[in-house]
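Position 9 of the sequence shown, counting from 1, maps to 9 under the working numbering, and the rest follow consecutively.
First the structure, in the form of structure tokens, and then the observations on it.
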Amino acid sequence: MKSVVTFVLLIGFIAFGGASVFNGIKGLSGSGKVSWYGNQFHGKKTASGDVYNMHEYTAAHKTLPFGTKVKITNQKNGKSVVVEVNDRGPFVKSREFDLSRAAFNEIGNTNSGVISVDYEVIN
1 MKSVVTFVLL
11 IGFIAFGGAS
21 VFNGIKGLSG
31 SGKVSWYGNQ
41 FHGKKTASGD
51 VYNMHEYTAA
61 HKTLPFGTKV
71 KITNQKNGKS
81 VVVEVNDRGP
91 FVKSREFDLS
101 RAAFNEIGNT
111 NSGVISVDYE
121 VIN
């Protein structure tokens, strides 16, 4: 019985404690590399269940909650775009985000593949 109570308390702590980890992420910022993904994923389901549309301003991130809006700014030209996290990734360790083709095109050239950015969570 004691182990059942401990288990229930542990699950409750994880559930409610884990949720509070993301409270107050507004203003979280950093810098890193981003890439883009497009044609081969267009029309397929994302990790959130949304259908990926390379023409929308969306992004993949390893841990930010789905629905989080992030301002991404190209360090080289100062151009910015606001994206909504709706997928998981990138699966390259050195990258912070994978942007939709449209979002990447807004701040850089897809021919470059990877760019350095600053980012800030805005919601």
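In this text, a Cβ means the ideal position worked out from N, Cα and C, and glycines have one as well.
Owing to the predicted nature of the structure, the values given are computational and were not obtained by experimental measurement.
- Residue 47 and residue 77 have their C-alpha atoms roughly 31 Å apart.
- Around the C-beta of residue 92, fewer than 16 other C-beta atoms lie within 10 Å, and the residue is accordingly described as exposed.
- Per DSSP, reduced to three states, the secondary structure at residue 56 is coil, with no helix or strand assignment.
- For residue 86, the uninterrupted beta strand (DSSP E) segment begins and ends at 80-87.
- Take residue 32, set aside five residues on each side of it, and the residues of its chain with a beta-carbon closer than 6 Å to its own are 96, in chain order.
- Beyond the five residues adjoining it in sequence on each side, residue 66 comes within less than 7 Å, by CB distance, of 48, 85, 86 in the same chain, given in chain order.
- For residue 63 and residue 122, the gap between their C-alpha atoms comes out near 16 Å.
- Annotated three-state conformation of residue 97 is strand, per DSSP.
- With fewer than 16 other CB atoms across the displayed protein chains lying within 10 angstroms of its CB, residue 113 is exposed.
- Residue burial annotation: residue 74 is buried, with at least 16 other C-beta atoms found within 10 angstroms of its C-beta.
- In the three-state reduction of the DSSP assignment, residue 77 falls in the coil class.
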